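Q: Residue numbers (this note's numbering), protein chains in the order written: chain A, 23 to 449; chain B, 23 to 449; chain C, 23 to 449; chain D, 23 to 449. For each residue, glycine too, the CB sits at the ideal point set by N, CA and C. A quick note: this is a predicted structure, and the numbers were derived from the prediction, not measured. If you scroll down you'll find the structure; I have some questions about it.
4 protein chains.
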Amino acid sequence: MAAHFRRIADFLKQAFADLRPEDAGRLAPRHTPSPPRIPGGSVIDDTAVGQRWALPALPPAARDALVDPWTREHQGAYTRNIENFIGTAKIPVGLAGPLRVNGAHASGDFYVPLATTEAALVASYSRGAQLVTEAGGCAAAVVNEGVTRAPAFAFATLAEASLFVAWATRNFDAFGSAARTTTRHGALVDLQLVIEGNNVHMGLEFTTGDASGQNMATIATEAVCRHIVEHTPVKPRYWFVEGNMSGDKKATAQSFMGVRGKKVSVEIVIPAALIESRLHTTAPAMADYARMSVLGGVMSGSIGVQGHFANGLAALFIACGQDAACVAEAAVGVTRLEARDDGSLYTAVTLPNLIVGTVGGGTSLPSQQACLEILGLAGAGHARAFAEVAAALLLAGELSIIGALTAGHFTRAHQRLARGPSPTPTA
Amino acid sequence: MAAHFRRIADFLKQAFADLRPEDAGRLAPRHTPSPPRIPGGSVIDDTAVGQRWALPALPPAARDALVDPWTREHQGAYTRNIENFIGTAKIPVGLAGPLRVNGAHASGDFYVPLATTEAALVASYSRGAQLVTEAGGCAAAVVNEGVTRAPAFAFATLAEASLFVAWATRNFDAFGSAARTTTRHGALVDLQLVIEGNNVHMGLEFTTGDASGQNMATIATEAVCRHIVEHTPVKPRYWFVEGNMSGDKKATAQSFMGVRGKKVSVEIVIPAALIESRLHTTAPAMADYARMSVLGGVMSGSIGVQGHFANGLAALFIACGQDAACVAEAAVGVTRLEARDDGSLYTAVTLPNLIVGTVGGGTSLPSQQACLEILGLAGAGHARAFAEVAAALLLAGELSIIGALTAGHFTRAHQRLARGPSPTPTA
Amino acid sequence: MAAHFRRIADFLKQAFADLRPEDAGRLAPRHTPSPPRIPGGSVIDDTAVGQRWALPALPPAARDALVDPWTREHQGAYTRNIENFIGTAKIPVGLAGPLRVNGAHASGDFYVPLATTEAALVASYSRGAQLVTEAGGCAAAVVNEGVTRAPAFAFATLAEASLFVAWATRNFDAFGSAARTTTRHGALVDLQLVIEGNNVHMGLEFTTGDASGQNMATIATEAVCRHIVEHTPVKPRYWFVEGNMSGDKKATAQSFMGVRGKKVSVEIVIPAALIESRLHTTAPAMADYARMSVLGGVMSGSIGVQGHFANGLAALFIACGQDAACVAEAAVGVTRLEARDDGSLYTAVTLPNLIVGTVGGGTSLPSQQACLEILGLAGAGHARAFAEVAAALLLAGELSIIGALTAGHFTRAHQRLARGPSPTPTA
Amino acid sequence: MAAHFRRIADFLKQAFADLRPEDAGRLAPRHTPSPPRIPGGSVIDDTAVGQRWALPALPPAARDALVDPWTREHQGAYTRNIENFIGTAKIPVGLAGPLRVNGAHASGDFYVPLATTEAALVASYSRGAQLVTEAGGCAAAVVNEGVTRAPAFAFATLAEASLFVAWATRNFDAFGSAARTTTRHGALVDLQLVIEGNNVHMGLEFTTGDASGQNMATIATEAVCRHIVEHTPVKPRYWFVEGNMSGDKKATAQSFMGVRGKKVSVEIVIPAALIESRLHTTAPAMADYARMSVLGGVMSGSIGVQGHFANGLAALFIACGQDAACVAEAAVGVTRLEARDDGSLYTAVTLPNLIVGTVGGGTSLPSQQACLEILGLAGAGHARAFAEVAAALLLAGELSIIGALTAGHFTRAHQRLARGPSPTPTA
């Protein structure tokens, strides 16, 4: 457990120099007057933005980079997506592809916009996408969907908690009716119940149409909770609309047991010739890597095992108006490689927790919508297809990085120590 | 385990309607010609960008939203951060604060730029930041730092793996020298070794100055590996520069055992009066929530337990040119609440895995550097302070959301079923 | 990650002295003739046992301790529980109690037989049991039950896997009929399905009456699998009766999501006076410990958070003829402590994964049945009550150890460094 | 998350029939007089045992099965291993083997005593052991060792916690001296430190000679803590000898990062001919199973990935006087299979957390010592060898069960639906 004392000693020595008791004072509270509050709130117009930039602490030179002409022209579009607006961050977008997807919902060749500041990321995913396309494209299927909120109820006793659970199991339909009062697009589709002493955690699972649906689920859950508190014969001492069991914005092991957002699986078989010509390696070498790295991941205590899902996911989410914080949960999944007798490589990527949407959130903001339009997936009717493209992209990324890692070793094995730097993971 | 069959049956019925064997054909590979490759590569000029937009699949209307005048003027700045550039995504930035930090490295009142498209996120963090400031600010300290790469070596036998490990433990200094040939800013500071049968996973831990340092660590690791392969008396059958044990871009339980990036801890005591006036709740109610939600998180199989670190972290990372994919790992941590006898609330947030930097990566791009300048933390010498501000921000976010969740129940308990929607998590 | 190189260097130096390449030879295969096979098999009589003891490698003196007169007299009883029998291991049994349980199924005051060789374990649990009893006993309820087997099926493609899943969701009743052909006591009650690329993992959940039911579930699963393979329109390439997703004999995070065996929750409120007179501490001090140690557990990467469930569970399982290997999974759970305003302490223990039975397995062997009779829970009709007593026992153990740890600190805080050893965890 | 509501509804309906509010009363505390306390304590003689059996609740018939003549004769031996003694549980012991181990410490052919009541377990392990032996035996090596206690210290502030950590890193030698005052056999060999807000968790790692060493580590830790509290310039508000971060008696992800007890790795190559003649399967089929089941385990949220370590481990621990509760932690590990081009199968088993000893605990009790003597590993000097034999046994068990699972599918694939029950996991 934990860091070795000699290493910490080294760090402390270097970081604190002569950390003395009297130095600890700098960590104490300071009750000097606070600098000014940030003016405004949700309002976005030249006046409000100007007042914020007038805060003495803000360097005027920074303003030009955030409030460019285009931003100033379009700033009204951001009213419902941000507070205390002071401009826009510009994230460079690169295209990866073409990426052929043969999906239950997505079918075609996609150029995928990726917003990132990390060099080589787009190149790596694009290389993988082209490989997928050359191999005929990947199969893809959304196999389940749903968004969960998990309110928690505290009772006086285990007996009351049990009575409550018994009551709740008989009232699923009424809960669904309560949820329906808040949304046309979402519906309560499942209910799970966990008793922990005198506490009850409740999993309410909703479909949310083409929205990622977290707000929709929260509002519907509020309505269900109000219905519950009004009608239950066993009153909770207190309750919360979320008791931290939903997995919202965090990696959890439960993802694999059910679904959060879309659950998607994609697969492909890459022929030996393509592996050699495009990745400069072989299927058995890639399978060697997979077998070794699965255990590397397991021994590090990761949830799921995969290479670098988060890279492609974050870049796609930022470009396409998804909730970038959901990368924390959506990057959970598994990659499986299998070398076949004919020298080809079977690869599957499964993502149980893909929180995505093509309406709502940031999807209708100008540059975000433009990115969805590049994919041909803007607006209603496209959420499942978008999920399949996302999974296909991550499959491409896994093939590319494992190819690079493996070509590295492969090259070295045949060249007896290359002089230049050997191929390395690109992101 | 897994999703309930009736739920899956419902989904499949609705998703596939009458899924029949013949429908499966749409998932089969298609060997029609690929659409055109994306022209260019790293080059960013009007010609290259124009060629990319000339791809037939790209909707011309999308171009205006990505290639605005400012972007076109500054596009040269992105050459080393992206490939296949087609413009920039504009992410709205809001200010949260002022946020008072009394840190070992960060000391002052900060206005924190957050880039997000999720409504209410900035408002929630800003509310928490003001609360922290009113309470005198939070204590903060980077308590360890280091970035790990984990190459893996495959030997013929366990005996050879053991001999290799014995040799490696005697050659730490030589490994450090090999690393030093690749960087002036980084240094090898620790070495860990894991034997798994005839495989050896090696953890090389580097300091990386003010850069987040993942590329620096990768390049140094390549150098160490070349040194190893050349000098070890026991030759590996094959090896990889990364065997998936480093935790790069993924949540792992090992974070708490050591450090990845910066390990930061922050704390604050909020007086009862402020909890009541600003959060409309009480310390005991917030502690009730904490106790319940810690177990909610534990039972969901999360790594660490916290509320919504990923929200603030993703928004800060995008604004300030950090690697947004690292949200997947950096959002791991713990939040602890403790109600005290005088009605005050002690809260601590600990982040063992904060991958951040103030040089390199996207930190010197125009709008990203502007955001760092708003913090006063652009450039060399500020990475640890930036880490402390990040942790302070997350502390503010935890206080704000737990306050909202608790005020919700508190209000309800006193109002006997509010008519309007009660306070809910804002993100 | 992993062990620090200096520590490994120290270990290797001391363990291998001068580990040299030539020393590695001792790890090489040796193809000398094998010593004799063990005679017999399932047969248990004086002849068979005598032949086994005649193996040259077995020290004759050891025989007396394993083949005592009582064992020799009763050895026929073990025929269906062991192979290659050579006698019995004698594990000392101590009584803990009385333990008052007010359960949905167990109601009364129990003396609990515990088989262990670890000093202080029985004393600690007995102390806790008496405290529970003095406080009026604990509430207890089995809140769910079921045993899962998880066969896995490999198909050619994701499309075939999807078609198979669609088919399976329509055939739950037929699967149940197939299961019923193998058992009168068990029934298929739920079905879960996980698609991972072209693989399908299937969770078959059975009730198993008063048996722990793992063999029953395996045999019924075989029957379901044969039915599946015969009737499915989509034939698997290969399949296994267990694909390692059931959690059998291992701690898994999925336990909390459902149930394995019995899911039991127990709770108690201990008045302040009893905490002081029996544990020599206070509720707030115990809650301090709980808050600190929950995070200790979380940061160690444990599944669930609790003190020492495994101690009481292993001792109870060995005494009462349960499958001791199931301690690996059954010891997963959570303990929650809450100090109340009146100085009392609320404590709950929840076990989602209690694999227990009162018929089958080792439950009818002479000394094991005697232990169940001491509890009054031998034979059919008692499995749920046994589960509630087990959970009550673990609650007692948590109170006892946390009391000891806390009294330690409490004493010290008041005595300013005790001279003798302060109270320490007893097991 | 959690169990599906319809399933819970089914269960509650069947379990509680018409669970009504008035029924909840049976879970309420009952303050009737307690039955008598258990007489005695540590004393074991005919009088004390007789008094315990005179408790009115104990069925006299049970006595004969627990207090047999041999037990009565040897009961004095148990004085230091149990309290409230009422006899012995008799667990049948079977022999598995011969098992050839070519280890750094264990070298030879072993007959392994296993105590279990689960049919087929010994047969399965014995089959695997013979296979290992026929293949020339397995390589084995203890690659690290150490036992951790993790005291926790609460300070007023993060600043004080940091000062304390800085002080502690400078006092490792003094901590070691304090530890040495309590034991001749153990030594403090490493120190880790975790800051979480104003709390500090400290990992003290000890070597413990040939004892499993948990008590030794606890006593030494008490001494170190007393030294700390006396000498630290920063006094803790309170502290505990264990803050639940050590992983004692529970599965934790941190096991792989370091070591608890012995870390052992074993490996073997089984030729194709033996796989076919003994397991009736092939290396590729076993590798197929391994690839599928590793992901099954990962998706279930297990720590490590393996088949059924707990089975062999529990049986070995009970027979040989080990702490059976440690199965909860020691069963964590990884199994790796690799099919080779020549049709052979490489298999490795790695156990980072093997808490074992050959002195202390239950190792010198009569039947337990007899079992250690059968192994030739009783007493001082044999702990590492015992650990290697344990790991070799688990390797044998993995080969046997995976062979059985695979032969099942293999047979079926070739026989087109067998009529009789196909081979299934034996435990």
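(1) Within 10 angstroms of its Cβ, does residue 73 (chain C) collect 16 or more other Cβ (buried), or is it exposed?
(2) Give me the chain C residues within the contact set of residue 107 (chain D), using Cβ-Cβ distance strictly less than 8 Å, ordered along the chain.
(3) Just curious, the alpha helix (DSSP H) that residue 73 (chain D) is in, first and last residue?
(4) Thinking C-alpha only, which one of C:209, C:174, C:270, C:223 is nearest residue 236 (chain C)?
(5) If you run the structure through DSSP and keep just helix, strand and coil, what is residue 262 (chain A)?
(6) Can you confirm whether residue 437 (chain B), when its beta carbon is compared against all beta carbons of chain A, has any partner nearer than 8 Å?
(7) For residue 49 (chain B), which residues in chain A fall below 8 Å Cβ to Cβ?
(8) Applying the criterion that 16 or more other CB atoms from any shown protein chain within 10 Å of the CB defines a buried residue, is residue 223 (chain C) buried or exposed?
(9) Smallest Cα separation from residue 267 (chain B): which of B:261, B:276, B:259?
(10) Could you say which of D:128, D:117, D:322 lies nearest to residue 58 (chain C) if we only look at CA atoms?
(11) Going by beta carbon distance, what residues of the same chain come within less than 8 Å of residue 75 (chain D), once the five residues before and after it are set aside?
(12) Whose C-beta lies closer than 7 Å to the C-beta of residue 396 (chain B) among residues of the same chain, with five residues either side of it excluded?
(13) Tell me, please, which residues DSSP counts as bridged to residue 129 (chain A).
(14) So which residues on chain B does residue 321 (chain C) lean against when the C-beta distance must stay under 7 Å?
(15) Only counting the same chain, and skipping five residues up and downstream in sequence, which positions put a Cβ closer than 7 Å to that of residue 450 (chain D)?
(16) Once the 5 residues before and after residue 288 (chain A) are set aside, which same chain residues still bring their CB inside 6 Å of it?
(17) Does the beta-carbon of residue 184 (chain B) have 16 or more other beta-carbons within 10 angstroms, so that it is buried, or is it exposed?
(18) Hey, how far is the Cα of residue 383 (chain B) from the Cα of residue 401 (chain B)?
(19) Assuming residue 451 (chain D) and residue 243 (chain D) make a contact with CB atoms under 8 Å, what is their CB distance in whole Å?
(20) Could you spell out where the beta strand (DSSP E) holding residue 355 (chain D) opens and where it closes?
(21) Just the C-alpha distance for residue 202 (chain C) and residue 187 (chain C), rounded to the nearest angstrom, thanks.
(22) Here's the rule I'm using: 16 or more other beta-carbon atoms within 10 Å means buried, otherwise exposed. How should residue 91 (chain B) be labelled?
(23) Kindly say whether residue 308 (chain A), judged by its beta-carbon, lies nearer than 8 Å to any beta-carbon of chain B.
(24) Determine the extent of the beta strand (DSSP E) in which residue 290 (chain D) is found, giving its start and end residues.
(25) Apart from the five residues just before and just after residue 306 (chain A), which ones in its own chain have a Cβ nearer than 7 Å to its Cβ?
(26) Determine whether the Cβ of residue 179 (chain D) lies closer than 8 Å to any Cβ atom of chain A.
(27) Determine the contact status of residue 334 (chain B) and residue 357 (chain B), defining contact as a CB-CB distance below 8 Å.
(28) Going by DSSP in three states, residue 412 (chain C) sits in which element: helix, strand or coil?
(29) Within 10 angstroms of its Cβ, does residue 68 (chain A) collect 16 or more other Cβ (buried), or is it exposed?
(30) Output the distance between the C-alpha atoms of residue 94 (chain D) and residue 381 (chain D), rounded to the nearest integer angstrom.
(31) Please report how far the alpha carbon of residue 274 (chain D) lies from the alpha carbon of residue 96 (chain A), in whole angstroms.
(32) In this structure, does DSSP put residue 80 (chain D) in helix, strand or coil?
(33) Within 8 Å of any Cβ in chain D, is that where the Cβ of residue 314 (chain C) sits?
(34) Would residue 87 (chain B) and residue 389 (chain A) be called neighbours here (beta carbons separated by less than 8 Å)?
(35) Which residue spans inside the stretch 124-175 of chain A form an unbroken alpha helix (DSSP H) run of at least 4?
(36) Return the CA-CA distance between residue 440 (chain A) and residue 194 (chain C), expressed in angstroms with no decimal places.
A: The answer reads as follows:
(1) The residue you call residue 73 (chain C) lines up with position 51 of the third sequence. By the Cβ-count criterion, residue 73 (chain C) is exposed, with fewer than 16 other Cβ atoms from all chains shown falling within 10 Å of its own Cβ.
(2) Against the fourth sequence, residue 107 (chain D) aligns to sequence position 85. Residues of chain C passing the Cβ test: 114, 115, 116.
(3) As a first step, residue 73 (chain D) is located in the fourth sequence; it is residue number 51 there, counting from the start. For residue 73 (chain D), the uninterrupted alpha helix (DSSP H) run begins and ends at 68-75, by DSSP.
(4) Here the question's residue 236 (chain C) lines up with position 214 in the third sequence. Residue 236 (chain C) has its Cα closest to that of C:270, out of C:209, C:174, C:270, C:223.
(5) To locate residue 262 (chain A), count along the first sequence from 1; it is residue 240. Residue state, collapsed to three classes: strand.
(6) As a working note, residue 437 (chain B) is residue 415 in the second sequence. Residue confidence is low: residue 437 (chain B) scores 42 on pLDDT, short of 50, so the model does not pin down where it sits. No coordinate-derived value is stated.
(7) Locating residue 49 (chain B) in the second sequence gives position 27, where the first residue counts as 1. The answer, in chain order, is 124, 125, 126, 161, 162, 163.
(8) Position 201 of the third sequence, counted from the first residue, corresponds to residue 223 (chain C). Classification of residue 223 (chain C): buried, given that the 10 Å Cβ count is 16 or more.
(9) Sequence index remark: in the second sequence, residue 267 (chain B) carries index 245 (1-based). If you compare the alpha carbons of B:261, B:276, B:259 with that of residue 267 (chain B), the shortest gap goes to B:276.
(10) Counting from one through the third sequence, the residue named residue 58 (chain C) turns up at place 36. It is D:117.
(11) As a first step, residue 75 (chain D) must be located in the fourth sequence, where it is residue number 53. Same-chain partners within the cutoff: 82, 85, 89, 108.
(12) To locate residue 396 (chain B), count along the second sequence from 1; it is residue 374. Contacts found: 133, 135.
(13) Taking the first residue of the first sequence as 1, we reach residue 129 (chain A) at position 107. Residue 129 (chain A) is bridged to A:124.
(14) The residue you call residue 321 (chain C) lines up with position 299 of the third sequence. Residues of chain B with a Cβ closer than 7 Å to the Cβ of residue 321 (chain C) are, in chain order, 278, 356.
(15) What is shown of chain D runs 23 to 449, which leaves residue 450 (chain D) out entirely.
(16) What you label residue 288 (chain A) is simply residue 266 of the first sequence in a count that begins at 1. For residue 288 (chain A), where only same-chain residues beyond five positions count, the Cβ hits under 6 Å are 160, 162, 371, 413, 414, 417.
(17) Sequence index remark: in the second sequence, residue 184 (chain B) carries index 162 (1-based). Buried, because 16 or more other Cβ atoms sit within 10 Å of the Cβ of residue 184 (chain B).
(18) As a first step, residue 383 (chain B) is located in the second sequence; it is residue number 361 there, counting from the start. As a first step, residue 401 (chain B) is located in the second sequence; it is residue number 379 there, counting from the start. Going by the C-alpha atoms only, they are around 12 Å apart.
(19) Residue numbering for chain D in the displayed model covers 23 to 449; residue 451 (chain D) lies beyond these limits and cannot be assessed.
(20) Locating residue 355 (chain D) in the fourth sequence gives position 333, counting from the first residue. It spans 355-361 - the beta strand (DSSP E) in which residue 355 (chain D) sits, taken as one unbroken run.
(21) To locate residue 202 (chain C), count along the third sequence from 1; it is residue 180. To locate residue 187 (chain C), count along the third sequence from 1; it is residue 165. About 22 Å.
(22) Stepping through the second sequence from its first residue, residue 91 (chain B) is reached at position 69. With fewer than 16 Cβ atoms within 10 Å of its Cβ, residue 91 (chain B) is classed as exposed.
(23) In the first sequence, the residue the question calls residue 308 (chain A) occupies position 286. By this cut-off, residue 308 (chain A) is not an interface position.
(24) Numbered from its first residue, the fourth sequence carries residue 290 (chain D) at position 268. Where residue 290 (chain D) is concerned, the enclosing beta strand (DSSP E) stretches over 283-292.
(25) Translated into positions along the first sequence, residue 306 (chain A) becomes position 284. Beyond the five residues adjoining it in sequence on each side, residue 306 (chain A) comes within less than 7 Å, by CB distance, of 361 in the same chain, given in chain order.
(26) The residue labelled residue 179 (chain D) in the question sits at position 157 within the fourth sequence. At least one chain A Cβ lies under 8 Å of residue 179 (chain D).
(27) Sequence index remark: in the second sequence, residue 334 (chain B) carries index 312 (1-based). Sequence index remark: in the second sequence, residue 357 (chain B) carries index 335 (1-based). Going by C-beta atoms, residue 334 (chain B) is not nearer than 8 Å to residue 357 (chain B).
(28) Here residue 412 (chain C) refers to the residue found at position 390 when the third sequence is read from its first residue. Assignment of residue 412 (chain C) by DSSP, reduced to helix, strand and coil, places it in the helix class.
(29) Here the question's residue 68 (chain A) lines up with position 46 in the first sequence. Exposed: under 16 other Cβ atoms inside 10 Å.
(30) Here the question's residue 94 (chain D) lines up with position 72 in the fourth sequence. Here the question's residue 381 (chain D) lines up with position 359 in the fourth sequence. Taking C-alpha positions only, residue 94 (chain D) is separated from residue 381 (chain D) by approximately 24 Å.
(31) The residue given as residue 274 (chain D) occupies position 252 in the fourth sequence. The residue given as residue 96 (chain A) occupies position 74 in the first sequence. For residue 274 (chain D) and residue 96 (chain A), the distance between alpha carbons rounds to 52 Å.
(32) In the fourth sequence, the residue the question calls residue 80 (chain D) occupies position 58. Under the three-state reduction of DSSP, residue 80 (chain D) is assigned to coil, being neither helix nor strand.
(33) Here residue 314 (chain C) corresponds to residue number 292 of the third sequence, with the count starting at 1. At least one CB atom of chain D sits nearer than 8 Å to the CB of residue 314 (chain C).
(34) The residue you call residue 87 (chain B) lines up with position 65 of the second sequence. The residue you call residue 389 (chain A) lines up with position 367 of the first sequence. Yes; because the gap between Cβ atoms is below 8 Å, this pair is in contact.
(35) Entirely contained in the stretch 124-175 of chain A, the alpha helix (DSSP H) runs reaching 4 residues are, in chain order, 143-156.
(36) For the purposes of this step, residue 440 (chain A) is identified with residue 418 of the first sequence, where counting begins at 1. For the purposes of this step, residue 194 (chain C) is identified with residue 172 of the third sequence, where counting begins at 1. Legend: pLDDT at residue 440 (chain A) = 33, less than 50; position of this residue unreliable, no value from coordinates given.
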